[in-house]
Structures are given as C-alpha cells and as structure tokens.
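Enquirer: Chains as they are written, first to last, in our numbering: chain W, 112 to 629; chain X, 112 to 629.
There are 2 protein chains.
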Amino acid sequence: MVEKRLLGKKDVWDIKQYVCKAKRLDIETGKRIVLFNKQDAIENDIYVGYRVGLKHGNKVAIGIVDLTDHMVEPGQVGIFKDLQQELGLKDEERIEIRHIKKPESVVYIKKKMDKIELKPSEISTVMDELMRGYLGEIELASFVSAIYINGVTEEEVIGLTDSIVKSGDTLNLGRHLIADKHCIGGVAGNRTTMVLVPIIAAAGISIPKASSRSITSAAGTADTMEVLSGIDFSIEEMRHIVKKANGCIVWGGGTTLASADDLLIKIRHPLSLDPKGLLLASILAKKKSVGANHVIIDIPVGMGAKLHDMADANALGADFVKIGRRLGMSIDVLITDGNNPIGRGIGPTLECIDVLNVLANNGPGDLREKSCIIAGRLLEMCGKAKKGRGYAQASSILESGAALRKMRQIIELQGGDSDVKPADLPIGNCHEDIIADRNGKLVGYDNRTISRLARAAGAPNDKGAGILLFKEPGEKVRSGEKIMRVYAESESKLDFALKAMKKWETYTLKKIILNELG
Amino acid sequence: MVEKRLLGKKDVWDIKQYVCKAKRLDIETGKRIVLFNKQDAIENDIYVGYRVGLKHGNKVAIGIVDLTDHMVEPGQVGIFKDLQQELGLKDEERIEIRHIKKPESVVYIKKKMDKIELKPSEISTVMDELMRGYLGEIELASFVSAIYINGVTEEEVIGLTDSIVKSGDTLNLGRHLIADKHCIGGVAGNRTTMVLVPIIAAAGISIPKASSRSITSAAGTADTMEVLSGIDFSIEEMRHIVKKANGCIVWGGGTTLASADDLLIKIRHPLSLDPKGLLLASILAKKKSVGANHVIIDIPVGMGAKLHDMADANALGADFVKIGRRLGMSIDVLITDGNNPIGRGIGPTLECIDVLNVLANNGPGDLREKSCIIAGRLLEMCGKAKKGRGYAQASSILESGAALRKMRQIIELQGGDSDVKPADLPIGNCHEDIIADRNGKLVGYDNRTISRLARAAGAPNDKGAGILLFKEPGEKVRSGEKIMRVYAESESKLDFALKAMKKWETYTLKKIILNELG
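1) Measure from the alpha carbon of W:Thr281 to the alpha carbon of each residue in W:Lys387, W:Lys398, W:Leu374, W:Gly168, then state which is nearest.
2) Identify the continuous beta strand (DSSP E) that holds W:Arg596 and give its terminal residues.
3) For W:Lys201, which of W:Ile208, W:His210, W:Ile211, W:Gly189 has the nearest alpha-carbon?
4) Quick one, which of X:Pro381, X:Ile269, X:Gln195, X:Ile208 has its alpha-carbon nearest W:Tyr161's?
5) Taking C-beta pairs closer than 7 angstroms, name the residues in chain W that X:Asn261 reaches, listed in chain order.
6) On the DSSP bridge assignment, give the partners of X:Trp362 in chain order.
7) Would you say W:Ile378 faces chain X, with C-beta separation under 8 angstroms as the test?
8) Does X:Lys221 come out as helix, strand or coil in the three-state DSSP assignment?
9) What is the DSSP secondary structure of X:Leu146, counted as helix, strand or coil?
10) How would you list, in chain order, the residues of chain X whose beta-carbon sits under 7 angstroms from the beta-carbon of W:His293?
11) Give a yes or no on whether the minimum CB-CB distance between W:His181 and chain X is below 8 angstroms.
12) Mapping DSSP to helix, strand and coil, what is W:Cys541?
13) Under the DSSP definition of a beta bridge, which residues are partnered with W:Ile316?
14) Any C-beta of chain X within less than 7 angstroms: which residues of the segment 141-167 of chain W qualify?
15) Given W:Leu339, which residues of its chain have a CB within under 7 angstroms of its CB, disregarding the five upstream and five downstream residues?
16) Kindly list the residues whose CB is nearer than 7 angstroms to the CB of W:Val113, restricted to its own chain and excluding five residues on each side of it in sequence; keep chain order.
17) Could I get the ranges of all uninterrupted beta strand (DSSP E) runs contained in the segment 144-230 of chain W, with 3 residues as the minimum, in chain order?
18) Does the beta carbon of X:Asp239 come closer than 8 angstroms to any beta carbon on chain W?
19) Is there a Cβ of chain X sitting closer than 8 angstroms to that of W:Ala608, yes or no?
20) Quick one, which residues of the segment 560-577 of chain X are near chain W if we go by CB-CB under 7 angstroms, in chain order?
21) Report all residues from its chain with a CB closer than 7 angstroms to the CB of W:Phe607; omit the five preceding and five following residues, and keep chain order.
22) If we ignore side chains and look at the alpha-carbon of each, how far apart do W:Thr140 and W:Gly247 end up?
23) Mind checking if W:Leu628 is an interface residue toward chain X, Cβ cutoff 8 angstroms exclusive?
24) What's the call for W:Ser590, buried or exposed, on a 16-neighbour Cβ count within 10 Å?
25) Report the rounded CA-to-CA distance for W:Val597 versus W:Gly539, giving the unit in angstroms.
26) Relative to the ligand COA, is the shortest distance from any of its heavy atoms to the C-beta of X:Ser511 smaller than 7 angstroms?
27) Within 10 Å of its beta-carbon, does W:Ser216 have 16 or more other beta-carbons around it, so buried, or fewer, so exposed?
28) Between X:Gly363 and chain W, is any beta-carbon pair separated by less than 8 angstroms?
29) Could you tell me which of W:Glu480, W:Ala570, W:Pro584, W:Gly388 sits nearest to W:Thr447, measuring between CA atoms?
30) Let's test the definition: count the other Cβ atoms within 10 Å of the Cβ of W:Gln196 and tell me whether it reaches 16, buried, or not, exposed.
31) What separation, rounded to the nearest whole angstrom, lies between the Cα atoms of W:Ser345 and W:Gly364?
32) Report yes if the C-beta distance between W:Ala565 and W:Ala329 is below 8 angstroms; otherwise report no.
33) Could you give the C-beta distance for X:Glu267 and X:Gly388, rounded to a whole number, given that I count them as a contact under 8 angstroms?
34) For X:Asp448, which of helix, strand or coil comes out of DSSP?
35) So is X:Glu616 buried or exposed if we call it buried at 16+ other beta carbons inside 10 Å?
36) Just checking: is the beta-carbon of X:Pro689 within a distance shorter than 8 angstroms of some beta-carbon in chain W?
This is how it looks when you write it as structure tokens:
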C-alpha cells in the first residue's frame, strides 16, 4: 500500500489502517463494493467478501472486498458506484482503509435465532449497523429468517418500528392532524390512494403520502403517479408540497424516510418472506416517520390477494390497532374484498386513466366506491365528518370537482402538467384482444396472473403496457366477445406476453367440472 | 441487444433470449456477476441483483446482474472472473442470455422454515440448484438459518449427506478398507492428522486425507502441510498419491469432493453458525466421498474449544455413530481434552516443526501421545491391531522410523522436499518474548486468544508467523521467566500483534480472586 501506519485507536481491530488512492468504477451493484489489487490483499490478509472500513473526509462506510490482478494497481482501490455516492468520492482522491471488528449485531441475530426476546437497544444496534453497512446479506437474511420462524413479541415490534423510524429522517410537518393510508396490496389496479389523497387533502387534512413502486405487481402507486408528475423528492421538497396542497403522492424509496425498511425489503423479496412482525414494523414505521396520527389500513382478502384467509386478516388487523395505539397512532383497519382487480386498467397509464376518470366523476364504479368508503372512514376518524356521514362527504367532495382540482394542484407542485386529460396519456400502440371461446358467466379475474400478464407485456417499466378489462365479474359473456385487451409498447413484448398467457388462467368462466383425473 | 428472438421453449420464463458479445472483466468476487449496460437492462426489465441464465457453447451458468453506463456498451455484457472460468469464456465471444424462472428450492426452503420435514428429493433439489448457482446468499442463509433454528431429523441428515456427496466427485480408490479421521477443531496446534496419517499408511491401510485450511484458527492441516509440499490436487492426482503411498494430506477445498459443502461453509461463517445437522452432514459427506468405511472422530471439549460441554459432545458423538452406521461407515468417536493447545508451536511452520520432531521421536509429548491414541484406535477398528494393542502398535510404528519414512514418501509424491529437516524451515525473523510479571503456577493457555494472537502476527498467510509456548500447563513460573514467544515476518505485524495482545488473556496464572467489583 502507498502508506501504512498503526494508530493507537481504542479498538484493537481498528488500529490497522492504510491510505490508498481511490479509482472510481462505473459499476452499480446494489452493494458497497471495494476492489483491491490481489498483491495488497495477500499482504494484508484481506480476501474476497472481507469487509473493510472506508473513510473519506468526514464520511465513513463499510466496503465488501472484490479482488483484481490488473483493474487497480497496488496502492489503489476501486470504488463501485454505490460507495462513491455514499463517500462523496471523486477520482484519484485519497481514501483511508481500516480493519474493522465483527459487528456487534451478530450476537443479537444469534440470540433471536435461539428464541430469546431482543431488547430495544439490541434491535436498535442491529438497525444501526444495518444502516452503516456493517451487515451483509447473509447476516440480514438470518435475522429476517429468525423473525419469520420464531416470531416477534409486541415489544419487539415496537422496538423494530422505533429503530426503523430512527434509521431515516422524519417529515416534521408541524401540524396537529396528519392522516395516512396504507394497503397491504395484492389487488391489481387498486389505485384508491390516488383518489383518496386528493379527497382528504381537499377536506383540509394533511396527508403526506409516500408510496412504493411495484415489486411483483403491474404497477405501484409510485409507478402510476409517475405517469402524471415527478415522484422523486427530498424530505424538504415533500414538506413544501404538503404545506401548499395538504397532500402529495411521492415515491417513498426516493426519500430518506424509514431508510432501514428499504434494505429489509430487499432481503425479504427473494423468498417472498413477509413475517408478520416485520410487516407491522415496516408499515407502522413509514406512517410514524411522516408524523401520521390517524391511519387507515386496507387489508384485501381473497384469491390471488396477499391474504387468503379472514382469520389471518382479522389477527393482523387487530395487531395494527393495538400496536398503533402504543405508538401514538389511531388506526382503523378495513378488511376488503380482494378477489378481483379494481378498476378497468392494469398497468401505470391504464390505471392513471381510471383515476383521472373517477376524479372527473365518470370512472369505474368499483374504484370510486372503494375510494369513497375508505376516504369517508378517514374523514370520520379525523373528526371532519360525523359518524356514518364520511362516505357521503367523500362523494360530495368528488362530485363538486374539489378532489380533481386538488389532484391538479398536487400534479403541478410535483412538476407535472396540471391540465392533463385521460386522452393525452399514450398507451401501448400494439395490442391484442382476448376472446371468449364459449358462452358463460364470468366468475372473475385472477389478480396474480393478471399482474404477471401485464408485467410480461412490459409494465411497469413500459408505462403504456398493461391490460384493459372489458367485462365485470358476474357478467354474462358470449363466445367471440372480447374479455380483455393486452397492450404493449412493442410487437415482441406483446408476442412474449401472449405466449406466456397460454399457460395461465387469467379469468374464469363458470363451470361445474374443474378438472378430470384418471 | 445485438439480436433478440423468441424461442418456442417449453418453459415460459425461458423463452426470452438474447445473444450478446461477452467482455471479460478482471474482477474476482466469489459470486457469478454479469454486468449489463443500463440501456439494455431497462429495455428488458432487468435490474441490479436480477438473475439471468447464461449459455456459452455447451456450458451454462446463472449470473447475478450489476449495471453500468459505460463499462460495457449496449449489446455487450461484462463477465466477472468466477463466471469466465465456469463458462470457459474468451473475450468477445458470443454468449446467450436467458430469463429464468424462480428456483424450485424456494418452496422447499420455506417449507423447512415452516418446520416441515424435507424429503430426500427436495433436499437434493436444493443442493442441485445451489451447485448450479440458482440460489443467492439470501436463499442459502435462510436455508441454513432454518436448519439451525428448527433442527433436522435423522432422515434429513442422511438426505443432506447423500446430496452433498452427489454434488461433487468421489475418489473410488477401489480398495476394500479405507480409513479416515476428523477433528471437530478449536484446539490450537492440534496437528495429530499429520502424525496419524503416516502411521496408518505405514500400517498398510489406505487413508486419503482431505484437510481444510484455517478459517479462524492460526493454521489448518492444509495450511501446515503446505509448508512441506503441494496440497492442491485433482481427484486423479489424489488417487495416484494414495495408490502409491496409502495416504495423502491434501487440501479438500482444492478437490471437487463434496463440492456443495464448500458453498455451505461460506454461508455459515459470518454468523459462526454450526447447526448440528449440517455439521454432521458436512463431515460425513466428506468421509463418504473418499469412500471411507472406518472413521474416527475427535471431539475436543474444553474452554476455548468448539464444544464446552460433555453432554453436547456425547450427543454429537452418538449421532455420528448412529448416522454413520446407516450410511455404511463404522465410526468411533473419541471425546478429548480440549482445554489447552497441543504441541509447542502455533502457526503453520511452528506446527510443522512439532510434527517432524514427533515423527523423528523427539517432539512434544502431548502431540505424540494424542496421535498414538487416536491412530491406535483406528488400527484396532481396521483389524490391524488386537483390541487394546493399537496404541502400542502405533507407538512402535513411530519408533521404528516407518512413520517418518512414510511421511517423506507422501511429501515427495506431493511435490515437496522429502529430506526436509525442522531446522530447514524458516520461521518469522521478528519476535518478542512474553514474560511472566509474577510467580505462579500456569493454569493454562486460552485456545481462542492464542489463535487470535497468532493470526494477528500474520498466520496462516505468513507461514513463519505464530507462537512458541515455553511452559506447560501445571508448571511453576517465576517472575521474569519467558512464557511464550510471538513470531512475525515483519516488525509492523509483530507490533500489531503485541498491541492486540494487551487486551487479551492468552494464558492464566493461578489466582484466588478472579475479579473485583464495586
């Protein structure tokens, strides 16, 4: 290495320290990678996967080691993109490398694996070391698995929620009444948030909504809002928008709210692990970080939705209410019918068109109805409507055009075109209709396969890709009639989606015999 | 991409396929990384961490996606080193990229998390997909955590063992009687293998020993043998050596025996997770893969060793015997005193010197004694000595010089200098003595801190680094007398080790009051 010296630091595994030249590498990997020359690595007992401390100016981070013979020279380290940003690094600057000790969290993760309840301070250490990059995927996956297998106590959920809130920034609107809304997800086309937020904001209540992008569905609220305006804002910008309009619809992942949660979600994804304790903490932390004190949670139950069982939904709902109260939030839970998609369009632009139509009082009835029910309940919770009068008030805010005007204000503040009309929004220029091959009654659509089909067609990356449903569940269908249309932005993607679809049952016509064997 | 076409493959997630130019990148990362240009990635819904299938000629592998703006162009993918080797790739060759479906293992890993016993076929799918690179660290860590938390049944251990054996090659010596030996580890300086193998081989029994390198200790048997000869051999070379000399001492990690095990160990390391079921399967698979049918297992118990409790050791030992029998192996277990290091030297070269001295009948008594006891028991198991006569026979093989001659033959076959003498072996040219600061009786050394000290001084990478113990447990020590000597290959490493040592209690002098509080 260029320089090597031993410092009299307090912690013994910290005293080995080198100074190197940094070389920026144009590789984005979702991890904090630092590339060492093999010669340096052998000399210093550093190996692939080893973790080192990095210091540049007053910024510190932990890097995971990759090795090379030629890409960087001895005395130089290559810094991948994710770390460059974290360290604020420009090429050829000097960087300090430190040996670090084993993360303290390892003890607590093992403790949780051994079925021992963690103290708040222990949970907070795990979240803190997670944020500082001390913990790799292996440690985090073990932590999440332990939570999944052993469960967590109510105290632990509160500890997790508090630590996740502390891991990021908070919004601090400085207002007394702050509402929020969350849906557990799984229902295709379910864009109630984009109808509800303008209704609530138009009623004079602050609703700083941070939404997510899709992971496995055809569109998240953030993906859909992105059709109309910007969604990637800092905390300060978000605060500014909400102070002006009472509401916003931004992408939570772009803010620094509840940051640890984004990292935990990445770990939960490959195995679709949704341990209840983490789900509760994750959602409650997001609400708490925006200062929400009146929250409504929508838990859809049904075939193809995330939850399939009323008992599970009731138990989860009860936990939300109880733990929310302990965290200083008034929470109401609505368990909703999640058997079928909501609205006519599935996919960012198609869902946007549904939302704009509902706001203009001519959209799909189910989306309007569900939005008004949930918004109404929230108005009642916040004391803006008398008990039992919320739905009527939400409807009248819609009918008066106040919600549409509010949405236009939010779109404008978020940098979009406030005069946007549904007809302005471009949908995929390749499409194909799906035709019924017999007469029958439409039982319904399968949320999961509808989402997969829309994704196969390009959604949510291709904003104009998706599915338009022509028939409603319960409706009679005649052979040769169109049931739905698949939109894509290129012929090859349309072709791919249609081929994929051959294996899936996206809709069901009523039949007596479901399968025959033998 | 350069070319894009849709193939009529059977599996729908397989039909999307592109052909790209490959660019080899000089980065070693321990993972199968493939670097996409961001433009290609967006177009094809590929993101950081996404897994794609790669095909080059008749070789296939799974790659994990990193992204770049400039390092590769659209239509080109960068291939990191680990994947280059796997695909046998040369620069600018064409490579096929395929979308793949979710690994089947995910279902079984979740099943194990849900406390349901896995069938042999399910375990074998997990191991198979692990070997094919379908599973990332997150999935594997979840699998290992589930095994740690929920335990495994005897049937599952057998399933795991069989799958691990099948994941690699087998030695197939074509001999009737094959012996092997394993130590659970944790005792510093414990090089009985290097004394025992030549004794057993000299007695005419095949003992194809595949040893490991150190992970957290000052030296593994493989690190120590490397001072004397090569250790990195193919299965064919290993077979050749054993056919000539009856024995070998090679590095298991360099062979293709029980390959899945190496990948599982990597996952177990960060949290030091040693779930009993995996430990059993891992060790038994290694023995089975060399065809061993008579195996002796050394389980040291004591402060600083891996096991601290007789009950745990007895239970583990009983499992080895029982499951070994079901797998067609006769297994004897010896539970040994693991409270103190064995031999005088700690660190590859210093341990080598002990071994050569014992083989020449003038080495440390404890190493000789322990080696003869274990070797004697193995001779009895194999029917080469009568019950109760094994120890005497092992001793006489040592005394006759037959074991030393056998070791020289093995060293020569493994490419080393068969005339090597202890005095030829270079030890670190920087050293410092640790001096007693009062009179007392030496209670003992702490295995764990002795190992850490030797590592801080540079072992096992610096072969000549380590510790030489001057006093035996139970011996009287006078103030000012030398207790041990620390060797390093550079002043800075010696300095680092000595600074580190200030925080550790490497040895204990008898005292009445252990601590004072208040």
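C-beta atoms are modelled at their ideal positions from N, C-alpha and C, and glycine is treated no differently.
Expert: Concretely, from the data shown:
1) Stepping through the first sequence from its first residue, residue 281 of chain W is reached at position 170. The shortest C-alpha separation from W:Thr281 is found at W:Lys398.
2) Against the first sequence, residue 596 of chain W aligns to sequence position 485. For W:Arg596, the enclosing beta strand (DSSP E) has its first and last residue at 593-599.
3) For the purposes of this step, residue 201 of chain W is taken as residue 90 along the first sequence, with counting starting at 1. The shortest CA-to-CA distance from W:Lys201 to any of W:Ile208, W:His210, W:Ile211, W:Gly189 is the one to W:Gly189.
4) Looking up residue 161 of chain W in the first sequence gives position 50. Here the closest residue by C-alpha is X:Pro381.
5) On the second sequence, residue 261 of chain X is found 150 positions in, with the first residue counted as 1. The answer, in chain order, is Ile260.
6) The residue given as residue 362 of chain X occupies position 251 in the second sequence. Answer is X:Ser322.
7) One-based indexing of the first sequence puts residue 378 of chain W at position 267. So, interface residue.
8) As a first step, residue 221 of chain X is located in the second sequence; it is residue number 110 there, counting from the start. Secondary structure of X:Lys221 (DSSP, three-state): helix.
9) Looking up residue 146 of chain X in the second sequence gives position 35. For X:Leu146, the three-state secondary structure derived from DSSP is strand.
10) Mapped onto the first sequence, residue 293 of chain W falls at position 182. Going along chain X, no residue has its Cβ under 7 angstroms from W:His293, so there is no contact; the nearest lies around 24 angstroms.
11) Taking the first residue of the first sequence as 1, we reach residue 181 of chain W at position 70. By this cut-off, W:His181 is an interface position.
12) Position 430 of the first sequence, counted from the start, is the residue given in the question as residue 541 of chain W. Correct three-state label for W:Cys541: strand.
13) Taking the first sequence and counting its residues from 1, the one referred to as residue 316 of chain W is at position 205. Its beta-bridge partners do not exist; DSSP assigns none.
14) Residues of the segment 141-167 of chain W whose Cβ lies closer than 7 angstroms to any Cβ of chain X, in chain order: Gly141, Leu146, Ile153, Asp156, Val159, Gly160.
15) Position 228 of the first sequence holds residue 339 of chain W. Within the same chain, and ignoring the five residues on either side of W:Leu339 in sequence, the residues whose Cβ sits closer than 7 angstroms to its Cβ are Cys463, Ile522, Gly527, Val531.
16) Walking along the first sequence from the start, residue 113 of chain W turns up at place 2. Bear in mind that a pLDDT of 32 at W:Val113, under 50, signals an unreliable position, so the model cannot answer this.
17) As summarised for the segment 144-230 of chain W, the continuous beta strand (DSSP E) elements at least 3 residues long and confined to that stretch are 144-148, 162-167, 170-179, 187-190, 205-210, given in chain order.
18) The residue given as residue 239 of chain X occupies position 128 in the second sequence. For X:Asp239, the answer is no, since every Cβ of chain W falls outside 8 angstroms of its Cβ.
19) Stepping through the first sequence from its first residue, residue 608 of chain W is reached at position 497. It does not; no Cβ of chain X falls within 8 angstroms.
20) Within the segment 560-577 of chain X, the residues whose Cβ lies closer than 7 angstroms to some Cβ of chain W are Asn572, listed in chain order.
21) Here residue 607 of chain W refers to the residue found at position 496 of the first sequence. Cβ neighbours of W:Phe607 beyond the five flanking positions: Ala567.
22) What you label residue 140 of chain W is simply residue 29 of the first sequence in a count that begins at 1. What you label residue 247 of chain W is simply residue 136 of the first sequence in a count that begins at 1. Counting only the Cα atoms, W:Gly247 lies some 13 angstroms from W:Thr140.
23) The residue labelled residue 628 of chain W in the question sits at position 517 within the first sequence. The beta carbon of W:Leu628 does not come within 8 angstroms of any beta carbon belonging to chain X, so the residue lies off that interface.
24) As a first step, residue 590 of chain W must be located in the first sequence, where it is residue number 479. Exposed, since its Cβ has fewer than 16 Cβ neighbours within 10 Å.
25) Position 486 of the first sequence, counting from 1, holds the residue named residue 597 of chain W. Position 428 of the first sequence, counting from 1, holds the residue named residue 539 of chain W. Rounded to whole angstroms, the separation of the alpha carbons of W:Gly539 and W:Val597 is 9 angstroms.
26) For the ligand COA, the structure offers nothing, since it holds no ligand at all.
27) What you label residue 216 of chain W is simply residue 105 of the first sequence in a count that begins at 1. Classification of W:Ser216: buried, given that the 10 Å Cβ count is 16 or more.
28) Your numbering for residue 363 of chain X matches position 252 in the second sequence. Closer than 8 angstroms: no.
29) The residue given as residue 447 of chain W occupies position 336 in the first sequence. Checking every option, the nearest Cα to that of W:Thr447 belongs to W:Glu480.
30) The sequence position of residue 196 of chain W within the first sequence is 85, counting from 1. Under this definition W:Gln196 is an exposed residue.
31) The count along the first sequence starts at 1 and reaches residue 345 of chain W at position 234. The count along the first sequence starts at 1 and reaches residue 364 of chain W at position 253. Spanning the two alpha carbons is a distance of roughly 10 angstroms.
32) Residue 565 of chain W sits at position 454 when you count from the first residue of the first sequence. Residue 329 of chain W sits at position 218 when you count from the first residue of the first sequence. Remark: C-beta atoms of W:Ala565 and W:Ala329 approach each other more closely than 8 angstroms.
33) To locate residue 267 of chain X, count along the second sequence from 1; it is residue 156. To locate residue 388 of chain X, count along the second sequence from 1; it is residue 277. Correct: roughly 6 angstroms between the Cβ atoms.
34) Within the second sequence, numbered from 1, the residue matching residue 448 of chain X stands at position 337. Strand at X:Asp448.
35) Counting from one through the second sequence, the residue named residue 616 of chain X turns up at place 505. Exposure of X:Glu616 is indicated by the presence of fewer than 16 other C-beta atoms within 10 angstroms of its C-beta.
36) As shown, chain X starts at 112 and ends at 629. That puts residue 689 of chain X outside it, with no answer to give.
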